[in-house]
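**Q** This structure is in structure tokens; I'll ask about it shortly.
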Amino acid sequence: MFPEQQKEEFVSVWVRDPRIQKEDFWHSYIDYEICIHTNSMCFTMKTSCVRRRYREFVWLRQRLQSNALLVQLPELPSKNLFFNMNNRQHVDQRRQGLEDFLRKKGLVIIMTLDFH
1 MFPEQQKEEF VSVWVRDPRI QKEDFWHSYI DYEICIHTNS MCFTMKTSCV RRRYREFVWL
61 RQRLQSNALL VQLPELPSKN LFFNMNNRQH VDQRRQGLED FLRKKGLVII MTLDFH
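Read the sequence shown against the UniProt record's numbering and you will find it ends at 116, with the numbers running on by one and no gaps.
Right under this line is the structure:
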């Protein structure tokens, strides 16, 4: 018999479905659905989705950077003072930037190590 072949681990991440959330009459923000699909043993669930806003990505990056001082983490899309949440192009550029941030190979490794 052939020895059982080990499957290569993968982690797929995507950011989708931006939605405007209104806190009150003057304050609103956009959140995004972040989905992960993996076969890695580091995760208890193989597929998971959660909604997060931009400032939570900022918090995550700061937290990971403080725990991995010698590793240069990927950058987030810049905070644009003229960001218009009603402009689909602005929203999609940010969504793509957040997805690119999460898809960086080294970031996935750091995140799996950081939460154990």
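Built from N, CA and C at the ideal position, the CB exists for glycine as well.
Only a predicted model underlies this, so the values are computations on that prediction, with no experimental measurement involved.
Buried or exposed, going by whether 16 or more other CB atoms sit within 10 Å of the CB of Leu98?
**A** With 16 or more Cβ atoms within 10 Å of its Cβ, Leu98 is classed as buried.
**Q** Which of helix, strand or coil does DSSP assign to Asp24?
**A** coil
**Q** Measuring alpha carbon to alpha carbon, tell me which residue in Leu60, Glu9, Phe10 and Pro18 is nearest His90.
**A** Pro18
**Q** What did DSSP end up calling Glu33 once you bin it into helix, strand or coil?
**A** Note: Glu33 maps to strand in three-state DSSP.
**Q** Using C-beta distances below 8 Å, list every residue in its chain close to Ser40, excluding the 5 sequence neighbours before and after it, in chain order.
**A** Glu9, Phe10, Val11 and Thr112
**Q** Check Val58 in the structure and name its three-state DSSP category.
**A** helix
**Q** In whole angstroms, what is the alpha-carbon distance linking Asp52 and Trp26?
**A** According to the sequence provided, residue 52 is Arg. The question's Asp does not apply to it. Roughly 20 Å between the two C-alpha positions.
**Q** Tell me which same chain residues have a C-beta within less than 8 Å of the C-beta of Gln21, skipping the five on either side of it?
**A** Ser28, Tyr29, Ile30, Asp31 and Arg53
**Q** Excluding the five sequence neighbours on either side, which residues of its own chain have a C-beta within less than 6 Å of the C-beta of Arg55, listed in chain order?
**A** Close CB contacts of Arg55 within its chain, under the 6 Å cut and outside five residues either way in sequence, are absent.
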